[in-house]
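Reminder that position 175 of the sequence shown reads as 175 in UniProt numbering, one-by-one numbering, no gaps. Take a look at the structure below.
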Amino acid sequence: MIKKCLFPAAGYGTRFLPATKATPKEMLPVLTKPLIQYGVEEAIEAGCNTMAIVTGRGKRAIEDHFDISYELEHQIKGTSKEHYLTEIRDVIEKCTFSYTRQTEMKGLGHAILTGETLIGNEPFAVILADDLCDNTSSGVLSQMVKLYEKYQCCIVAIEEVPKEETNKYGVISGREIEDGIFMIDNMVEKPEPQDAPSNLAIIGRYILTPDIFEIIKETKPGKGGEIQITDALLTQAKKGMVLGFKFKGIRFDCGSIDGFVKATNYFYEKSK
Ligand code: G1P
């Protein structure tokens, strides 16, 4: 069973400056809910009860968000405004949060390795809160957990993207072994369209087995001089098996202004 979910949340969010100068980008709200809370709710829905968050300097608002604010509770208890806290109270009750800091930004692979101390020796999920997902039936992570129960190996969520956008993503290729499930034979981090092995892009949902930590330790810096989880997973794919999973649902790239605005409009329409 997958009980722990890792959230790499140490990045600077430079594309959202100045909003992210003193506010973690994971705390930017889509409607009234911070991005990371959508991710945590998705993890809870998938059966996780332990959230492992890799933070950095200037990210304390995340810890405060997933904690009781006694002053606020006291102020609004018994008033008509109390219902505003229902959702976040529910989240806090259902799971525990632990934190560790990444002191240097050395890539997503390095961020995940930093979380080893919180994960230990068990399979775990990873959610990049920037990729905000929604669906009509079960959440993306929930779909992946079901697949993990069958295959017991690393899984990455994938989506078809326009060929000219491959340089924004990790891109995979592989053999389709079931409808929408690929046994990965190649993965490249942010390839230019002419070098991309396909147009199947990795989006920010992973299920990883704990042997990935040792592989990351052996992984040399790749694209951008950073330690890439994509490179570590390629090693894993060559040794054993890594699956790419075309999830059911919709994804917004909330790391970009365009995606953030689209997500806001989508959730606003949905809330009416
Ligand atoms: C990271 C990964 C990339 C993946 C993407 C999904 O990139 O390195 O392989 O496709 O997340 O959002 P980032 O967006 O952090 O640059």
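C-beta: ideal position from N, C-alpha, C; glycine also. Remember, it's a predicted structure, so these values are computed and weren't measured experimentally.
Using only the alpha-carbon positions, how far apart do residue i and residue j sit?
| i | j | result |
| --- | --- | --- |
| I216 | E82 | 45 Å |
| G187 | F252 | First, the amino acid is wrong: residue 187 is Met here, not Gly. The alpha-carbon atoms of M187 and F252 are separated by roughly 22 Å. |
| H107 | S256 | Sequence inspection shows Gly at residue 107; the His mentioned does not correspond to that position. Near 18 Å, if we compare the C-alpha coordinates of S256 and G107. |
| G204 | A232 | 15 Å |
| P8 | Y206 | 12 Å |
| H65 | L28 | 12 Å |
| G222 | G109 | 10 Å |
When every heavy atom of the ligand G1P is checked, does at least one fall within less than 7 Å of the C-beta of residue i?
| i | result |
| --- | --- |
| I212 | no |
| G174 | no |
| Y169 | yes |
| Q228 | yes |
| L28 | no |
| G204 | yes |
| L35 | no |
| A201 | yes |
| L113 | no |
| D131 | yes |
| E159 | no |
Can you name the residues that DSSP bridges to residue i?
| i | result |
| --- | --- |
| F124 | L208 |
| N186 | S173 |
| V161 | Looking at the DSSP assignment, V161 forms no beta bridge with any residue, so it has no partner. |
| A201 | E159, V171 |
| A52 | L6, S98 |
| I181 | E178, F245 |
Could you pull out every residue in the same chain whose Cβ sits closer than 6 Å to the Cβ of residue i, ignoring the five residues on either side in sequence?
| i | result |
| --- | --- |
| S98 | A52, L118 |
| K94 | I44 |
| G16 | Note on residue identity: the sequence assigns Phe, not Gly, to residue 16. Here the set comprises K25. |
| A201 | E159, V161, Y169, V171 |
| Q143 | F247 |
| N167 | K190, E192 |
Specify, as a first and last residue, the run of the beta strand (DSSP E) that residue i falls within.
| i | result |
| --- | --- |
| R251 | 250-253 |
| G244 | 242-246 |
| D67 | Run containing D67: none; DSSP gives neither H nor E here. |
| L132 | 131-134 |
Within the same chain, show all residues whose beta-carbon is closer than 8 Å to that of residue i, passing over the 5 residues directly before and after it, in chain order.
| i | result |
| --- | --- |
| G240 | C153 |
| L113 | F213, I216, K217, I227 |
In the DSSP assignment, find the unbroken alpha helix (DSSP H) run with residue i in it and report its ends.
| i | result |
| --- | --- |
| L234 | 229-239 |
| D258 | 257-271 |
| L108 | 108-114 |
| E26 | No alpha helix (DSSP H) holds E26; DSSP gives it neither H nor E. |
| G39 | 35-45 |
| Q194 | Unbroken run through Q194: none, as it is neither H nor E. |
| residue 277 | As shown, the chain starts at 1 and ends at 272. That puts residue 277 outside it, with no answer to give. |
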